[in-house]
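Report on one structure; see the data block that follows.
Right under this line is the structure:
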């Protein structure tokens, strides 16, 4: 079987027009949403375990259920958002997808029971699952194919910048409201900040999430002027859209298969941070290392997106997978005597994320028909979400049974396998530039 690897336009960047307004609006929607989310993500485990006395098992169930909710809802929303006949189209999914997390965070800010916090967390993740695929499909519809990498790069840059701002803001508010040093913050159950301090921070998080929700009403679906088909006007919300397997090309399914294969290597980044702690870093230094990762990720995302439009997305993806393979392998066997190597490794790991995240979505769009792009994105989210969850479970089991070196080496092994498969397809296939005359 042969898959055509698409080349990209070599147009001079100086002659390019600015990206459409809708791309900027969607990027700032994600910016504020990520500020809101990242204010809560690092503090929620401390709130549950330290302030409310929840068990680690309860915490694991909550986060595992959250991953599954996001994966399944992303697939459903992607299918349904392709329907032009449903009033509001994809924008309606954005309204709900960014509105429900505000409600979920508000619930977490006022309740005391771990069960109610689980409900709020699932509502938050339910919204995330609703919005991801429709948002990405809106980005795809708003720009010409040769600028998809640039558009997704801008989106990921602002999204990651929001994550960095959110983490920093949460740390500052915790210090300001409770006087808790960051070193104490990372101790989990030993933290002395009262539950009321966490609730105040979660309330601020919900307010900032409200800003992202309001911005969604400024987004327009570019398909609104296109006549809906009979399939599009099906008003049923109980079943996915009537996309069939054959509506998506063989090349699309090969792309999905390769991305899913790599996602088996892509366990939670929490394992890398745990490895940094294991190497003797103080909790404060671990936080700094994570911040360095986010800074690099944010700075590199946009230029990498533009690069993928010029040299081809597969080359960029392959470079990213190679970096991932090297980072995990070095992390696995890095001796404590050379622990200083964590700093360049975390910076390089941020480059990997920039190379693969937004570019991967642009790659999916390259092989998906316009009328089924939401479904194509939803399938991507669902399969990679489920396999990433399995990767995290496998990494956790290997770490507990055999140690960190084996767990991280397994991640490197899967990444290397995906890289070999990608190389094989590249070797077997001709490189073609869709839409280029030369």
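In the numbering used here, the protein residues as written are 6 to 443.
For every residue, glycine included, the Cβ atom is placed at its ideal position computed from N, Cα and C.
Same chain only: Cβ atoms within 7 Å of residue i, ignoring 5 sequence neighbours per side
i: residue 368; result: 260, 318 and 322
i: residue 306; result: 158, 161, 162, 165, 359 and 363
i: residue 429; result: none
i: residue 223; result: 30
i: residue 140; result: 31 and 99
i: residue 170; result: 40
i: residue 301; result: 352, 355 and 356
i: residue 392; result: 265, 268 and 269
i: residue 257; result: 372, 373 and 381
i: residue 124; result: 112
Where residue i sits in the DSSP three-state scheme
i: residue 22; result: coil
i: residue 100; result: helix
i: residue 284; result: coil
i: residue 299; result: helix
i: residue 372; result: coil
i: residue 48; result: coil
i: residue 117; result: coil
i: residue 217; result: helix
i: residue 390; result: helix
i: residue 270; result: coil
i: residue 366; result: helix
i: residue 199; result: coil
i: residue 342; result: helix
i: residue 425; result: helix
Length of the line joining the Cα atoms of residue i and residue j
i: residue 280; j: residue 420; result: 18 Å
i: residue 129; j: residue 432; result: 43 Å
i: residue 273; j: residue 315; result: 31 Å
i: residue 122; j: residue 112; result: 7 Å
i: residue 325; j: residue 427; result: 12 Å
i: residue 25; j: residue 107; result: 27 Å
i: residue 210; j: residue 293; result: 22 Å
i: residue 117; j: residue 45; result: 16 Å
i: residue 131; j: residue 98; result: 11 Å
i: residue 73; j: residue 34; result: 24 Å
i: residue 308; j: residue 151; result: 14 Å
i: residue 148; j: residue 373; result: 15 Å
i: residue 404; j: residue 336; result: 13 Å
i: residue 310; j: residue 262; result: 22 Å
i: residue 48; j: residue 408; result: 27 Å
i: residue 382; j: residue 156; result: 16 Å
i: residue 109; j: residue 388; result: 25 Å
i: residue 406; j: residue 398; result: 12 Å
i: residue 213; j: residue 23; result: 28 Å
i: residue 384; j: residue 349; result: 34 Å
i: residue 402; j: residue 253; result: 36 Å
Short Cβ contact (8 Å threshold) for residue i with residue j
i: residue 27; j: residue 154; result: no
i: residue 39; j: residue 142; result: no
i: residue 179; j: residue 202; result: yes
i: residue 268; j: residue 396; result: yes
i: residue 216; j: residue 37; result: yes
i: residue 200; j: residue 126; result: no
i: residue 417; j: residue 295; result: no
i: residue 266; j: residue 422; result: yes
i: residue 276; j: residue 400; result: yes
i: residue 145; j: residue 380; result: no
i: residue 114; j: residue 207; result: yes
i: residue 351; j: residue 394; result: no
i: residue 182; j: residue 205; result: yes
i: residue 390; j: residue 264; result: no
i: residue 330; j: residue 424; result: yes
8 Å CB neighbourhood of residue i in its chain, flanking five on each side removed
i: residue 328; result: 353, 354, 356, 357 and 360
i: residue 284; result: 339, 341, 344 and 347
i: residue 225; result: 27 and 96
Contact test: residue i Cβ vs the ligand NAP heavy atom, cutoff 7 Å
i: residue 106; result: With respect to the ligand NAP, the structure offers nothing, as it holds no ligand at all.
Short CB-CB distance (under 8 Å) between residue i and chain B
i: residue 253; result: Going by chain labels, chain B is absent from the structure shown, which holds only one protein chain.
Cβ shell of residue i (< 6 Å), same chain only, five flanking positions each side left out
i: residue 172; result: 43
i: residue 104; result: 218
i: residue 320; result: none
i: residue 270; result: 416, 419 and 420
i: residue 102; result: 132, 135 and 136
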